[in-house]
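Enquirer:
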């Protein structure tokens, strides 16, 4: 069943709170939007409403983590990662167990517009030492990622959607931190997608299959540490690769993949995402079409990429 990953987070953290008294949740006046309110209703003594003061929330969360708590600090991705200097010195540098929950990522949040669309957040967070970056692609993956985060040592940034996500994983799926998931195999080109773009990417691949284009689709739920081994394997086997992300192509998934192949096995790479620009207000589906993230646009980009007689670099 399609479900926004922010909703999956709310359900997961409320459930995990029963068995894990060390969990504390901090919110910056957006509990009904991030769905952290579900934890607050069940465990009010461990839920802290910090108001519109993200910097204070970050520092308080870090302090609680230093006392042995596992702190989840919640806000829109654009707002919380914008307090980079506080995160850098209070969370990343001391390497404390804080989970930064950034919801409403990408242009898919729609009418709220650029001021609230997280489009640079992955780039900011993956540049920080000690910081892991996770972006789950469906309900099951989100719930398992939140559960995994309880045993992770050090800080994590977990990027969640406002829009509903279709199921992409099988019923026996098991989340593995730092490991990509091959959702569909193919020998002609590899597509790496993350978060809200995975389903559309998979649909585009199935369409191309009908015309004999064999597309491999890989779900990259962990942006950092990224799965170097799988990326290199795909580069060797398909020679051409495409990344798809609801994020600026500078510093996000596309950059992470290009860093791996440029050092280990250079092949042709096409990056799909926002091309060094801001988002805008609009209907979710129309924005995905405008920025080339809907199924039809991804399919068209793949066809164009595959049709050109481009030299293979290795």
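In this note's numbering, the protein residues as written are 658 to 971. Ideal placement from N, C-alpha and C gives every residue a C-beta, glycine not left out.
Where does residue 946 fall in DSSP's three states?
Expert: Helix, per DSSP.
Enquirer: Decide yes or no for the touch test of the stretch 728–737 against the stretch 759–771: beta carbon pairs closer than 8 Å, at least 3 of them.
Expert: yes
Enquirer: Leaving out five residues on either side along the sequence, give the residues of the same chain with a beta carbon under 6 Å from the beta carbon of residue 842.
Expert: 873
Enquirer: Could you give the distance in angstroms between the alpha-carbon of residue 801 and the alpha-carbon of residue 948?
Expert: Whole-angstrom Cα-Cα distance: 30 Å.
Enquirer: Is it right to say residue 891 is buried, meaning 16 or more other beta carbons lie within 10 angstroms of its own, or is it exposed?
Expert: Of the other Cβ atoms in all chains shown, 16 or more fall within 10 Å of the Cβ of residue 891; this residue is therefore buried.
Enquirer: Using three-state DSSP, classify residue 819 as helix, strand or coil.
Expert: coil
Enquirer: Please name the residue in 768, 846, 720 and 770 whose C-alpha comes closest to that of residue 746.
Expert: 720
Enquirer: At what residues does the alpha helix (DSSP H) containing residue 717 begin and finish?
Expert: 711–723
Enquirer: For residue 777 versus residue 854, is the C-beta distance shorter than 7 Å?
Expert: no
Enquirer: Alpha carbon to alpha carbon, how far is residue 884 from residue 910? Give it in angstroms, no decimals.
Expert: 11 Å
Enquirer: Given a cut-off of 7 Å on the beta-carbon distance, is the pair residue 798 and residue 826 in contact?
Expert: yes
Enquirer: Measuring straight from C-alpha to C-alpha, what distance separates residue 895 and residue 712?
Expert: 45 Å
Enquirer: Can you tell me whether residue 776 is helix, strand or coil according to DSSP?
Expert: coil
Enquirer: Quick one, are the C-beta atoms of residue 728 and residue 787 less than 7 Å apart?
Expert: Contact: no.
Enquirer: Would you tell me roughly how many angstroms separate the C-alpha atoms of residue 946 and residue 936, rounded to the nearest one?
Expert: 13 Å
Enquirer: Beta-carbon separation of residue 679 and residue 726 under 7 Å?
Expert: yes
Enquirer: Shorter than 6 Å, the distance from the beta carbon of residue 722 to the closest heavy atom of the ligand SAH, or not?
Expert: Of ligands this structure carries none, so the ligand SAH is not represented either.
Enquirer: I need the boundaries of the alpha helix (DSSP H) containing residue 827, first residue and last residue.
Expert: Residue 827 -> no alpha helix (DSSP H), and no H or E assigned at all.
Enquirer: On the criterion of 16 or more Cβ atoms from any shown chain inside 10 Å, does residue 964 qualify as buried, or is it exposed?
Expert: exposed
Enquirer: Classify residue 942: buried if its beta carbon has 16 or more other beta carbons within 10 angstroms, exposed otherwise.
Expert: Classification of residue 942: exposed, given that the 10 Å Cβ count is below 16.
Enquirer: Give me, in chain order, the residues of the same chain whose beta-carbon lies closer than 6 Å to that of residue 850; leave out the 5 immediate sequence neighbours on both sides.
Expert: 858 and 901
Enquirer: Shortest alpha-carbon distance to residue 888 belongs to which of 904, 907 and 916?
Expert: Restricting attention to 904, 907 and 916, the CA atom closest to the CA of residue 888 is found in 916.
Enquirer: Give me the DSSP bridge partner(s) of residue 760.
Expert: 733
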